[in-house]
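In UniProt numbering, the protein residues as written are 1 to 141.
Written below as structure tokens is the structure these notes are about.
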Amino acid sequence: MIGYIDVKTSPVYFHAQKTLNSVKINAVIPFDLLRLNVGNAMSVTGIFVTPKPGKYFFSYSGVSSKSVLGRVELQVKTVTANWLRIGQAFGSANLQTFSLQANLYLAKGDQIRLLLAEGAIFDDAKHYTNFVGQLLEEDII
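As structure tokens, this is what we get:
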């Protein structure tokens, strides 16, 4: 972990995966498997709750459905604002790969989620849907 002058922070990082196609439009994408969850900030419900303030990196990759496009939004909820779209990723129909990455400054207690905004995503036991995140630098006051 990156630190300053003999200060080392505790790590926060996760890797979440899906195996099922059971996501409805305008619903949070849940995950079947947490491969890593250091810091216990990610839930299989699909909500990441920031345990400490700082700079974070998030990355999502997925595959669109065979018959319709897929559009996924990365959203943040803060103390002062309800769910806001930070970015979005599109995959046209016919099993197209799509991805989204973001570097964000987050306060303690902020929440991050992925929302299926349109169409459908495809998944099975090969884990095409992946969501990773990590604390890059903690704000130490």
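Note that the Cβ used here is the ideal one computed from N, Cα and C, for glycine as well.
Bear in mind that the values here come from a model prediction, so they are computed numbers and not experimental data.
Worksheet item: Thinking just about the alpha-carbon of each residue, which of Y56, G70, K55 is nearest to the one in G62?
Response: G70
Worksheet item: Is it the case that the Cβ atoms of residue 143 and P11 are separated by a distance below 7 angstroms?
Response: This structure does not reach residue 143, given that the chain is present from 1 up to 141, and the question cannot be answered.
Fill in: the stretch 30 to 37 touching the stretch 86 to 93, judged by at least three CB pairs closer than 8 angstroms
no
Practice prompt. Tell me whether L69 sits in a helix, a strand or coil according to DSSP, three-state version.
Written response: coil
Item to complete: Compare the Cα-Cα distances from Q101 to each of F131, G91, S22 and report the closest residue.
Response: If we check each option's Cα against that of Q101, F131 comes out closest.
Worksheet item: Exposed or buried, what is T129 when buried is set at 16 or more other beta-carbons lying within 10 Å of its beta-carbon?
Response: buried
Worksheet entry | Bridge partner(s) assigned by DSSP for S64 | I121
Fill in: Rounded C-alpha distance that separates H15 from M42
9 angstroms
Fill in: Residues that DSSP places opposite H15 in a beta bridge
L36, V132
Discussion item. Given a cut-off of 7 angstroms on the beta-carbon distance, is the pair T50 and K108 in contact?
Written reply: yes
Discussion item. Mapping the DSSP letters down to three states, classify F31 as helix, strand or coil.
Written reply: coil
Worksheet item: Looking only at C-alpha atoms, which of N94, S67, D123, T9 sits nearest to K52?
Response: T9
Discussion item. Between A125, A93, F122, Q75, which has its C-alpha nearest L104's C-alpha?
Written reply: Q75
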